[in-house]
Each structure stands twice: as structure tokens, then as C-alpha cells.
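Going line by line, the protein sequences match chains A and B. Counting from 0, one number per residue, gives the positions in the first sequence under numbering that gives the first Met the number 0. Counting from 0, one number per residue, gives the positions in the second sequence under numbering that gives the first Met the number 0. All C-beta atoms in this analysis are idealised placements derived from N, C-alpha and C, irrespective of residue type, glycine included.
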Amino acid sequence: MYNYPQKLQKLINEISKLPGIGPKMAERVSIHILKKDVEYIDNFKEILEEIKTLGFCTICFNVSEGPVCDICADDGRDKSIICVVESSEDVITIERTGKFRGYYHILQGLVNPLNNVLPENLRIAELIKRIGKDPVKELILALNHTVEGDATSMFISAMLHDDDNNVITTRLAKGLPMGSDIRYADEITLGQAILERKQV
Amino acid sequence: MYLKSVELANFRNYESLKIKLMPGINVFYGENGTGKTNIIESIYCTAMGRSFRSSEEAILVKQGRTAFSIALNAVENGIERDFTVDYDSSIRKKRVAINGNRAARLSQVVGKLPVVLFSPENIMMIKGEPSQRRRFLDDMLSQFEEEYFETLGKYLKEVAHRNYLLKGIREGRVKRENLPVWNEQVMNNGVKIILSRVKAVEELNLMLEKELASEKFRVHIAYSSKHYSNYDEKALKENFRSHFLSRTEDEITRAATLIGPHRDDLEIFYNGLDAKNFASEGQQRITSILIKLAEGLLMKKKKGSFPVVLLDDFSSELDEPNRGFIGKKFSLFKQILITTTYRENLRGFDPAGEFEVAGGVVKTK
Ligand SMILES: Nc1ncnc2c1ncn2[C@@H]1O[C@H](COP(=O)(O)OP(=O)(O)OP(=O)(O)O)[C@@H](O)[C@H]1O
Ligand SMILES: [Mg+2]
Ligand SMILES: [Zn+2]
């Protein structure tokens with residue numbers, strides 16, 4: 000049976016490992032890249048090379064150029080409030096609403112036993128430590144209203160209670176439909192959900 | 000609500016089909032294997048987001064083709080609505096839309112075109128496994144409330160996560176401290192589901208008594224569980240908590256969540272006796288039809304609009320007086336689609352539309 004040349008197969012295989020990209024899409028993307036000129040590929044290579052220097056903020060675990068990200072380095076924000084999100088994309092989404100002036104904490108995932116992600120695999124312990132240090136009064140859990148988002152919220156709330164502190168935890172209000180993904184919410188809805196967040 | 004038209008392209012044995020339907024009774028007759036059930040199936044798929052015969056969408060695509068589409072035009076209080084389903088098996092993508100607006104989630108569609116399906120398989124709700132009775136309740140409640148559909152989906156996933164944790168604990172990969180949060184989740188959504196189901200069972204019984212009982216048949220159903228009998232939120236939560244306290248070892252050994260709505264059942268009584276063990280074949284059939292009729296009436300009450308009744312394979316298995324009795328009950332609905340092999344099976348019915356089905360072609364009579 001005929002198949003693509005092995006070099007192309009390797010590319011397809013690598014691209015199909017990316018999240019949200021199935022085998023068909025991987026083929027399309029690969030062939031698209033193949034059709035481009037050398038300049039395009041060199042440029043692409045350079046971009047990939049450059050992101051090697053990126054890492055994660057040691058305070059909030061957002062993507063960052065240096066050990067501390069721009070948000071954590073900004074002293075003018077409200078230190079009493081931390082918004083807890085699943086990933087760096089959520090920071091961008093929430094920043095765009097213009098409704099939030101506190102700091103962030105990026106969990107780098109959600110609790111998901113079926114995928115072998117347990118609380119210890121996330122940045123939850125670091126969050127609890129942060130709360131002990133900073134003058135934090137409120138945590139907004141801006142996590143999806145999904146099974147995994149709910150469970151993660153419950154783990155964080157439970158760990159906070161064990162720790163005996165006076166931090167209020169709130170969860171983004173509805174307005175966000177059940178089972179919905181905050182990344183796809185429009186800015187108005189998301190902005191509203193931040194303002195109407197509920198204590199959990 | 001009633002359907003004005005059905006259009007199919009490359010669905011099952013139909014390459015292309017366009018039919019106009021009438022309010023009232025629409026009869027499809029034709030020999031075995033001609034495509035009668037396929038029409039019913041296309042409507043059910045649009046309403047419920049999946050078939051009742053197959054869980055795999057690719058099977059619905061006409062052999063040798065890669066994509067199918069269904070387009071239904073429905074009328075409610077003079078307002079028309081278009082329901083469309085497009086499935087492409089090469090990318091395994093399904094698009095469901097109402098009036099051209101694509102639904103992001105299935106829960107936004109289920110219940111918008113209320114249907115009640117009567118099929119020969121219904122008798123399995125009497126004879127079959129508990130899962131078949133749960134399925135009956137879940138399909139009904141999912142059409143009643145968007146929230147039920149969502150909660151059920153969440154609950155089943157939570158149980159799957161919890162079972163996998165139990166397995167991990169058994170194998171020593173996972174710490175027990177993981178369980179409490181999942182216990183709480185399973186309990187919260189589980190109790191919501193149980194309460195909705197119990198309420199629905201009460202309402203079904205009311206319909207069965209008030210609208211559908213006769214001297215000959217009295218059908219009654221009861222929600223049943225091994226773990227609880229007091230259907231009060233607080234009492235149920237107590238049950239879950241004490242179960243998780245005392246049975247966790249057993250759950251770890253079996254890597255299974257042993258309490259909750261995914262293990263509950265219905266008891267069905269025919270004239271006071273357990274229908275599974277005491278009713279005859281015909282009596283079981285009538286019992287299941289009466290329960291489905293109760294579902295239809297309840298759906299009308301809840302949604303404020305008539306469900307479309309899909310009556311697949313109207314059999315001549317019922318004796319004459321029973322057929323008369325049941326036939327009259329169907330006239331309580333606004334639109335009924337009936338399939339049968341021979342027109343003569345529908346003596347005494349007064350169809351508004353008649354269709355002859357032969358080998359993937361439908362002729363309006
Ligand atoms: N994916 C498909 N592509 C083409 N034909 C199909 C497909 N799936 C089923 N069929 C055909 O559809 C026909 C069955 O249709 P259907 O189940 O609607 O029959 P029916 O008229 O209800 O028959 P019965 O009276 O036996 O219930 C069969 O001939 C079958 O081969
Ligand atoms: Mg059939
Ligand atoms: Zn930071």
C-alpha cells in the first residue's frame with residue numbers, strides 16, 4: 000500500500016500529537032507546510048528556537064521571559080486577590096475583559112483522574128504557600144464549570160480550609176452556561192461572571 | 000408541535016427523500032427491510048442527538064457515501080423551526096443546528112423537538128435489564144430539562160473518574176486522600192438525579208392513574224434502589240455518606256462505585272403484580288405502551304406542546320379490544336407517525352397521510 004514518504008509521515012505524526020488536531024488535520028497542516036518555501040521553514044524554525052528561552056513564572060506559573068512574569072512584576076495591582084486559572088490562555092482572556100486588577104495563579108491543568116492528573120500534579124501546593132505569605136483575602140476560582148473544573152475547585156477549597164486561614168473563595172458565576180469553557184465565552188459574559196462571582 | 004416535512008440525503012437506504020407530513024396520523028407501510036424504521040430513526044436522531052439502534056454515527060451513512068444530512072421542518076403555534084443534522088464520516092464531525100444556528104452542545108438541542116418513541120424494543124423495559132429502565136427515565140428527563148441532561152453527563156463522568164481512582168488505590172498508585180472530593184461530587188449530582196427521577200415517577204403514576212387506567216389495566220411504577228428508600232435530599236445524602244464510610248474497602252476491591260443512580264432500577268406493576276414475572280407477553284406489551292403514553296402526556300404537560308409520537312412497527316400482536324383501547328389513547332396527541340407492514344393492521348385508525356415505502360422510495364398516497 001502506498002503511503003507518504005517517511006519524512007512527511009514523521010511530520011504528520013508529530014503534528015497530530017498537538018492538542019485538538021486529529022490525523023486528517025495533521026495531514027493537511029503538514030502538506031501546507033511542505034508547499035511553503037525554504038524561507039518560511041527557516042523562519043518557523045527560528046521561532047521555535049526562540050521559545051526555548053521562555054519558561055514559567057516562579058510565582059504564578061504563567062508563561063514568562065524571566066523568572067518573574069510581567070503581571071507578578073507589576074506592583075500596582077491589587078494584592079488582596081488572586082484569580083486561579085487552568086492555563087496561561089485564560090489569563091489573556093480575563094485580562095481582555097478589563098474587569099480584574101489582581102494577580103493570577105496558573106494551575107497548569109485540572110484534576111483529571113482518568114488522565115492520571117491528580118492534585119499533586121498541579122500547582123496547588125504552590126498556591127497554598129503563596130496565600131500563607133501574601134496579604135491575600137480572596138481567591139477567584141475561574142475554572143470551567145465542568146466535572147474536572149468542579150473537582151479542582153473542591154480540592155482547593157478543601158485544602159484552604161485545612162490550612163486555617165481567612166481567605167474567601169469565590170467561583171465564577173453562571174451566566175457561563177453549565178459545562179462551558181471559559182475560553183470560548185465572549186468578553187461581556189465573562190466580564191459579568193467575574194463581577195457576579197459567588198462564594199463557594 | 001408537529002412535523003411538516005422530512006428531508007434526507009444519504010441516510011441509511013435513502014439517497015434522497017423529501018416528504019410532507021400532516022398533523023394527525025401518518026402511516027408508512029411497506030414490506031420488511033424497505034426503510035420504514037429508517038425514517039423514524041432520522042427523526043429520533045435529530046431530536047435526541049443519537050439513534051436508538053446504533054451508537055455509531057457512521058453506520059447511518061448510506062453505504063458507499065461519506066456524509067448524511069437530515070432536515071426537519073416543525074411547526075409550533077404557527078411558528079416554523081428548521082432542525083438540521085449533518086454528519087461527515089471522513090472527519091467524524093456532526094453539526095446540529097436549529098434555524099441554521101449551530102448548537103455548541105447537545106443539551107441545547109435535546110428537548111427542543113420533543114418526541115416519544117414507541118418501538119417493539121419498549122417491552123424490554125419490562126423484561127430487560129435495569130439499565131434499560133434507567134435509559135427510559137433518562138431519555139425522558141433529558142427532554143424535560145436541559146439541566147438533567149447536563150447533570151447526568153457530569154455524574155457519569157464523575158463515577159468514571161472515581162472508579163479509576165479506586166482502581167489506582169487498589170494498585171497502590173493513588174492515595175486515598177483523593178477520594179473525598181469525588182465522593183462529594185458523586186453524591187451531589189447523584190442525589191440531584193435521584194430526586195428528579197423520583198419526582199418524574201410520581202408524575203408518571205399520576206398520568207397512569209388519571210388518564211390511562213381502565214378496569215382491565217392498572218399500571219404502576221416505583222423507583223427502587225438497594226441503598227435508599229427515603230427520597231428526601233438530607234436522607235439520601237446521609238445514605239451516601241454512610242455508604243462511603245463503610246463500603247469503601249469493598250469499592251476499592253471491585254474498583255466500582257456501588258451506590259448511586261447508575262445502579263438504581265424501576266419496579267413495574269401490572270394490576271398490582273410485578274409485571275416482569277406475572278404479566279403475559281401481551282400484557283407486558285400493553286404495560287410498556289401505557290408507560291410510554293404516560294411519558295407522552297407528561298411531556299405535553301411539561302413542555303406545553305405536543306410531542307411528536309413515533310410508533311415503529313405497530314404490531315397486530317394486540318387483541319382487537321386492546322387495540323381499540325390503545326388506539327383511542329393515541330388520538331390524545333397531535334401528530335403520530337406509524338410504521339407497519341400492511342395497511343390492514345391499522346383498521347379503525349383514520350390516517351391524515353399515507354405513504355407506501357418500497358426499497359428506499361416513498362410514495363405519498
Ligand atoms: N447505512 C446503510 N446504507 C444503506 N442501506 C442501509 C443502511 N443501513 C440500513 N440499510 C438498509 O435499510 C433497510 C432497513 O430499513 P428499515 O430498518 O427501515 O426497514 P423496515 O422497513 O423498518 O423493515 P421492517 O419491516 O423489517 O422493520 C435494509 O434493507 C438495510 O439493508
Ligand atoms: Mg422496522
Ligand atoms: Zn507571575
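The beta carbon of proline 112/A falls within 8 Å of a beta carbon belonging to chain B, placing the residue at that interface. The alpha-carbon of asparagine 111/A is positioned some 42 Å away from that of histidine 219/B.
Ordered by chain, the residues meeting the criterion of a beta-carbon within less than 5 Å of a non-hydrogen atom of ligand 1 are Arg11/B, Asn12/B, Asn31/B, Gly32/B, Thr33/B, Gly34/B, Lys35/B, Thr36/B, Asn37/B, Lys61/B, Gln62/B. A distance filter of 5 Å between CB atoms and the heavy atoms of ligand 3 selects the following residues in sequence order: Cys56/A, Ile58/A, Cys59/A, Asn61/A, Cys68/A, Cys71/A. If you ignore the 5 residues before and after alanine 102/B, its C-beta comes within less than 8 Å of the C-beta of Val95, Ala96, Val108, all in its own chain and listed in chain order. Taking 7 Å as the cut-off, the C-beta of threonine 339/B does not count as close to any heavy atom of ligand 2. Considering only beta carbons, the part of the segment 145 to 160 of chain A lying closer than 7 Å to chain B consists of Val146, Asp149, Ala150, Met153, Phe154, Ala157, in chain order. With a cutoff of 8 Å on beta-carbon distance, glutamine 282/B and tyrosine 1/B are scored as not near each other. In chain order, Ile11, Ile14, Ser15 place their CB closer than 6 Å to the CB of alanine 25/A, counting only its own chain and leaving out the 5 sequence neighbours on each side. Taking one beta carbon from each stretch, the segment 306 to 321 of chain B and the segment 112 to 120 of chain B have 3 or more pairs nearer than 8 Å; the two touch.
For cysteine 44/B, same chain residues with a beta-carbon under 8 Å away, outside a window of 5 residues either side, are Ser50, Leu59, Ile69, Val84 in chain order. DSSP places histidine 219/B in the uninterrupted beta strand (DSSP E) bounded by 218 to 223.
Alanine 357/B has Val360/B as its beta-bridge partners, per DSSP. Looking from the CA of phenylalanine 99/A, the closest CA among Leu109/A, Ser86/A, Lys78/A, Leu117/A belongs to Lys78/A. Below the 8 Å Cβ cutoff, chain A contributes Pro112, Leu117, Pro118 as neighbours of asparagine 177/B, in chain order. If you check the C-beta of aspartate 264/B against ligand 2, you find no heavy atom less than 7 Å away. When Cβ pairs closer than 8 Å are counted between the two stretches, the segment 143 to 151 of chain B is seen not to touch the segment 69 to 82 of chain B, the count staying below three. Taking 8 Å as the threshold, the shortest C-beta distance from lysine 111/B to chain A does not fall below it. Between threonine 339/B and valine 26/B, the beta carbon gap of about 7 Å places them in contact (Cβ cut-off 8 Å). Within chain A, no residue has its CB atom less than 8 Å from the CB of histidine 226/B, the nearest being about 22 Å off. Per DSSP, glycine 23/B is one residue of the beta strand (DSSP E) stretching across 23 to 28. Per DSSP, reduced to three states, the secondary structure at glycine 152/B is helical. Residues of chain A whose Cβ lies closer than 8 Å to the Cβ of alanine 102/B do not exist; the shortest such Cβ separation is about 12 Å. With fewer than 16 other beta carbons inside 10 angstroms of its own, tyrosine 1/A counts as exposed. Its chain contains Val26, Lys364 as the residues whose beta carbon lies nearer than 6 Å to that of glutamate 353/B, once the 5 sequence neighbours on both sides are disregarded; these appear in chain order.
Those residues of the segment 1 to 14 of chain B placed with their C-beta closer than 9 Å to a C-beta in chain A do not exist. The segment 312 to 323 of chain B makes no contact with the segment 294 to 304 of chain B: fewer than 3 CB pairs, one atom from each, lie closer than 8 Å.
Cβ-Cβ distances below 8 Å link arginine 91/B to Glu56, Ala57 in the same chain, with the five nearest sequence neighbours on each side left out; the list follows chain order. One thing to note: arginine 161/B has its Cβ no nearer than 8 Å to the Cβ of valine 190/B. Residue pairing of glycine 352/B in beta bridges, as defined by DSSP: Asn25/B. If you check the C-beta of aspartate 138/B against ligand 2, you find no heavy atom less than 7 Å away. Sequence-ordered contacts of the segment 20 to 45 of chain A with chain B read Gly21, Lys23, Met24 [C-beta pairs closer than 9 Å]. Using a C-beta cut-off of 8 Å, the segment 59 to 76 of chain A makes no contact with the segment 39 to 49 of chain A, since fewer than three inter-stretch Cβ pairs fall below that distance.
Scanning its chain for C-beta atoms nearer than 6 Å, with the 5 sequence neighbours on each side dropped, one finds around threonine 57/A the residues Pro66, in chain order. The beta-carbon of histidine 160/B is placed less than 8 Å from the nearest beta-carbon of chain A. Neighbours of glutamine 184/B in chain A, taken as residues at a C-beta separation under 8 Å, are given in chain order as Val146, Asp149, Ala150, Met153.
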